[in-house]
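These notes are about the structure you will find just below.
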Amino acid sequence: MKKFIGRTLAALLAIGSVSTAIADQFDDGLAPSYYDTFKGKKVVFLPLAMSFDLPQVWAKAMETQGKRLGYDFSVRDPNWSSDAGAQALTTLITEKPDLLVVHNPDMQVYARLLQRAQKEGIPVIQINLKSVATTDAYVGVNWYEVGLHQAKMAVDACSPAAGKSGKIAIMQGTPTNPNNAITMTAIEDTLAQHPDIKVVSSQSADWDATKAHAVASTVIKQNPDLCAYVGLWEVMDAGVAAAIREAGKTGAIQLITNGGGQKPACDNIENGTFNGYVSYDAIGQARDLTDAIAQVLQVKAKPGSQPYGIYTPIKDISRETMRANSCWTMEDVAAAPF
Amino acid sequence: MSASQTERGRGGFKLTQENIVFFIALLLFIGFSVLLPGFFDTSNLLSLVQNVAILGILGIGMGIVVIGRGIDLAMVATMALSTAWTVALINRGFGTGEAIGLGLAFAAAVGIIMGVLVAYVEIPAIFATLAMSTVIYGFGRLALVDLDVIYLPDNEIWLRSISNSFLGVPLPVIWFSVLAILAYLFLRFTKWGRYFYAIGDNRAAARIAGIPVRPMTVIQYLISSIIAFGAGLITASLLASVNIRVAQSTMVYDVILVVVLGGIGLSGGKGGVRNILVGTILIGILLNGMTILDMPFTMQNIVKGTVLLIAIIVDSLANPRDEQTAQQGDI
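Protein chains in written order, with numbering that gives the first Met the number 0: chain S, 0 to 337; chain H, 0 to 330.
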């Protein structure tokens, strides 16, 4: 009996202390309304697919933030199908969540739906791939900047002035894809200023490492003095790397690529597979995204009336500039205070 | 196959699709050798064959099924998911042998299920395997691997070495050659091989003749699934990673292209390993030449599509619909 009374008292005390904690939120003029804003809100994420690092990082960050601030977070995974994505978006417009976070498969496919969602009063944040429709916020990389950095690395590494052959090859993904199209424009603009650099091949491998391998192995054999390969995504460029390794030209042909900066990228820089890497730091993007969610939900502007962008700061990583914290792991994401 | 179907040409030259495709391949080969500097080069020719070796290996598996008048649209999904699981298991600390054993068991189970669906449940092969392809991918994503791309660890030396080269010849080319010889011997000289032709040619007649039609059909899909697993291991070794998205790509159509282009008719019962080799070589020469020419992606697709279309037109001219095919229907 003594024990029972003791436990009951302890439980009552505990409940009391929790409720006092909430009631006693220090009023600095903003904090109480800040926390109130998120209670019971519904945030939905529509990724390209949940099966690769970038959406997993962003989703984990939103989940953590949702738990901390008390909003309900859910994911609709269309698994690379833009049709399934468009359907999910249409259904969501009728379900009216408080905020939509959308990862676009290309520039056009969701554009009208995103505008319709905003007309129906749902704010929309686009992440890393922006459609032609401008919504409440865009959080993500400026692909043009990525292209400029990659092209500059190639020029620096291959300039005939520095005794190199000046020959580079480019491995594209899908030409119609927005990041592909924008990055290529930047590369072309840069190379136009460097007539001594010659592009010996500019082929597409549809983001597929096997195709990239086949193309690169042919191109490397055709151009024994090739100086660098510029690839547009690290996953596809695993194929280019394999072709370079096979030809015994690791280090002789520089491989310059881009990606979200997860640990395998740094491993590949360390072991000489990638010589230059433009990272758009997905874990940093995740923080930008959670901040944008906090902002859009607090400001409560009419959806679409005050669009803004948070363009990801990018960093160039090479073996020389790499540091212990240049890349991140999923454990870092799980432990991060979003 | 009746004599009238094949011997349409004059002067002893048989106007078969295989001959026509071989002739086109030869023309392209000579043309590229003369016009493209660097094409007729031992190292380029080796890379040409290496680049289509995986496609050729899958083509042999597909060819065996098509000869038995079936089709395996799940082949690429089986390849991707069984290998991805193997590599994922290695990453989780399993021994290479155990991981390969489990991957192989998964591929075999997929083959047997498909075979049973086609042979015993009597679902048309095209639907059974199409549905299975989605099931394999979905199940794989749900239960076996959680990422699209799984990297092969650096210390996995044995598995990495199966795509090295031997005396300057890339190992994938050697695996392709060995498999081609084995498949040739199997189809030509074994009882089971002959059964496949009989079943493909006329299922009902084969059954009356006492051939165990249903078990043989299961074996066909088992073989194609196991070959798919082998092709997957070689690809994983070559690229040091597995990308399961290939399961949703158009690669399975490339495999069918290789088979049909070489002249294994989709109505079953004819053709052999030689047809697959011819088809594979033509695609290899085309892809290699177009890459050297730095031809844009869309243009390459148009050329590939046109070649397939021409092959189908030639096939329908060389092997016109007759009483037998009309009765049996296509797959």
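Backbone N, C-alpha and C define an ideal beta-carbon position, used for all residues, glycine too.
Residue from Leu99(S), Asn270(S), Ala293(S) with nearest C-alpha to Arg115(S): Reading the first sequence from its first residue, position 116 is the one you call residue 115(S). With distances taken between Cα atoms, Arg115(S) lies closest to Leu99(S).
Assumed close pair Ile126(S), Trp57(S) - CB separation to whole angstroms, cut-off 8 Å: Translated into the one-based positions of the first sequence, residue 126(S) becomes position 127. Translated into the one-based positions of the first sequence, residue 57(S) becomes position 58. 6 Å between Cβ atoms; contact.
Closer than 7 Å to chain H by CB, Val239(S): Stepping through the first sequence from its first residue, residue 239(S) is reached at position 240. It does not: the Cβ of Val239(S) has no partner Cβ on chain H nearer than 7 Å.
Lys220(S): contacting residues in chain H (beta-carbon distance under 8 Å): For the purposes of this step, residue 220(S) is taken as the residue at position 221 of the first sequence. Those within 8 Å of Lys220(S) in chain H are Gly37, Asp40, Ser42, Asn43, Ser46.
Within 7 Å, strictly: CB atoms of Gln49(H) and Val172(H): As a first step, residue 49(H) must be located in the second sequence, where it is residue number 50. As a first step, residue 172(H) must be located in the second sequence, where it is residue number 173. In contact: Gln49(H) and Val172(H) (Cβ atoms closer than 7 Å).
Cβ-based burial, Glu97(H) [other Cβ within 10 Å; buried from 16]: Within the second sequence, residue 97(H) is the residue found at index 98, counting from 1. Exposed: under 16 other Cβ atoms inside 10 Å.
Sheet register partners of Gly230(S) (DSSP bridge): Here residue 230(S) corresponds to residue number 231 of the first sequence, with the count starting at 1. DSSP lists Met170(S) as partners of Gly230(S).
Run of the alpha helix (DSSP H) containing Phe44(S), from where it starts to where it stops: Here residue 44(S) refers to the residue found at position 45 of the first sequence. Run containing Phe44(S): none in the alpha helix (DSSP H); it sits in the beta strand (DSSP E), 41 to 45.
Residue burial classification, Ser315(H) (beta-carbon count within 10 angstroms, cutoff 16): By 1-based counting over the second sequence, the position of residue 315(H) is 316. So Ser315(H) ends up on the exposed side.
Where the region 48 to 78 of chain S meets chain H: residues whose CB sits under 9 Å from a CB there: Ala48, Met49, Ser50, Phe51, Asp52, Gln55, Asn78
Extent of the continuous alpha helix (DSSP H) run through Leu88(S): Residue numbering aside, residue 88(S) sits at position 89 when the first sequence is read from its first letter. It spans 81 to 94 - the alpha helix (DSSP H) in which Leu88(S) sits, taken as one unbroken run.
Coil, strand or helix - Lys314(S) by DSSP: Taking the first residue of the first sequence as 1, we reach residue 314(S) at position 315. Correct three-state label for Lys314(S): strand.
Exposure label - Val51(H); buried when at least 16 CB within 10 Å: Along the second sequence, read from residue 1 onward, the residue named residue 51(H) stands at position 52. By the neighbour-count rule (16 or more Cβ atoms within 10 Å), Val51(H) is buried.
Boundaries (first-last residue) of the beta strand (DSSP E) holding Asp71(S): Within the first sequence, numbered from 1, the residue matching residue 71(S) stands at position 72. Counting along the chain, the beta strand (DSSP E) containing Asp71(S) begins and ends at 71 to 74.
Three CB pairs or more closer than 8 Å across the region 145 to 161 of chain S and the region 182 to 196 of chain S: They touch, by the three-pair rule.
Of the listed residues Ala110(S), Glu119(S), Gly120(S), nearest to Leu128(S) (C-alpha basis): Taking the first residue of the first sequence as 1, we reach residue 128(S) at position 129. That would be Ala110(S), whose Cα lies nearest to the Cα of Leu128(S).
Contacts around Gly271(S), its chain only, beta-carbon distance under 8 Å, and the 5 residues preceding and following it disregarded: Taking the first residue of the first sequence as position 1, residue 271(S) is located at position 272. Around Gly271(S): Thr249, Gly250, Arg318.
C-beta neighbour in chain S for Phe175(H), strict 7 Å: Sequence index remark: in the second sequence, residue 175(H) carries index 176 (1-based). Output row for Phe175(H): interface = no.
For Phe31(H) and Phe39(H), the rounded distance between their alpha carbons: Here the question's residue 39(H) lines up with position 40 in the second sequence. Here the question's residue 31(H) lines up with position 32 in the second sequence. Each residue's Cα considered, the two are about 8 Å apart.
Which residues DSSP lists as bridging Leu99(S), in chain order: As a position in the first sequence, residue 99(S) is number 100, starting the count at 1. Answer by DSSP bridge pairing, in chain order: Val43(S), Val123(S).
Chain S within 7 Å of Ser224(H), Cβ atoms only: The residue given as residue 224(H) occupies position 225 in the second sequence. Chain S, which has no Cβ nearer than 7 Å to the Cβ of Ser224(H), makes this no.
Cross-chain neighbours of Val214(S) in chain H, by beta carbon under 9 Å: By one-based count along the first sequence, residue 214(S) stands at place 215. What Val214(S) touches in chain H: Asn50, Leu286, Thr290.
CA-to-CA distance, Thr133(S) to Gly303(S), given in whole angstroms: Taking the first sequence and counting its residues from 1, the one referred to as residue 303(S) is at position 304. Taking the first sequence and counting its residues from 1, the one referred to as residue 133(S) is at position 134. Looking at the two C-alpha atoms, the distance is approximately 8 Å.
Touch test, the region 65 to 83 of chain S against the region 37 to 46 of chain S, Cβ-Cβ under 8 Å, three pairs minimum: Yes: the two stretches touch, three or more of their Cβ pairs being nearer than 8 Å.
Ser315(H) at chain S interface by Cβ criterion, 7 Å: As a first step, residue 315(H) must be located in the second sequence, where it is residue number 316. With 7 Å as the cut-off, Ser315(H) does not count as an interface residue toward chain S.
Under the three-state DSSP convention, the category Thr256(S) falls into: If you number the first sequence from 1, residue 256(S) lands on position 257. Strand, per DSSP.
Buried or exposed (CB count within 10 angstroms, at least 16 for buried), Gly308(S): Taking the first sequence and counting its residues from 1, one reaches residue 308(S) at position 309. Counting other Cβ atoms within 10 Å of its Cβ, Gly308(S) stays below 16 and is therefore classed as exposed.
Closer than 7 Å to chain S by CB, Ser240(H): To locate residue 240(H), count along the second sequence from 1; it is residue 241. Chain S, which has a Cβ nearer than 7 Å to the Cβ of Ser240(H), makes this yes.
Element boundaries [beta strand (DSSP E), containing Lys197(S)]: Residue 197(S) sits at position 198 when you count from the first residue of the first sequence. Taken as a continuous stretch (DSSP letters only), the beta strand (DSSP E) holding Lys197(S) covers 197 to 203.
Contacts of Gln107(S) in chain H (Cβ-Cβ under 9 Å): Position 108 of the first sequence, counted from the first residue, corresponds to residue 107(S). Within 9 Å Cβ-Cβ: nothing; Gln107(S) doesn't reach chain H, min ~17 Å.
Any C-beta of chain H under 7 Å from that of Ala208(S): Here residue 208(S) refers to the residue found at position 209 of the first sequence. By this cut-off, Ala208(S) is an interface position.
Check whether Met74(H) and Ser223(H) have beta carbons under 7 Å apart: As a first step, residue 74(H) is located in the second sequence; it is residue number 75 there, counting from the start. As a first step, residue 223(H) is located in the second sequence; it is residue number 224 there, counting from the start. Taking 7 Å as the Cβ cut-off, Met74(H) and Ser223(H) qualify as a contacting pair.
Alpha carbon of Gly283(H) to alpha carbon of Val259(H), nearest angstrom: On the second sequence, position 284 is the one that residue 283(H) refers to. On the second sequence, position 260 is the one that residue 259(H) refers to. Rounded to the nearest whole angstrom, the C-alpha separation of Gly283(H) and Val259(H) is 15 Å.
For Val131(S), the nearest candidate out of Val154(S), Tyr137(S), Gln117(S), Met106(S) (CA to CA): On the first sequence, residue 131(S) is found 132 positions in, with the first residue counted as 1. Here the closest residue by C-alpha is Met106(S).
Beta-bridge pairing of Asn242(H) - partner residues as DSSP gives them: Within the second sequence, numbered from 1, the residue matching residue 242(H) stands at position 243. Answer by DSSP bridge pairing, in chain order: Val148(H).
Any chain S beta carbon closer than 7 Å to Ile312(H): Stepping through the second sequence from its first residue, residue 312(H) is reached at position 313. Ile312(H) does not count as touching chain S.
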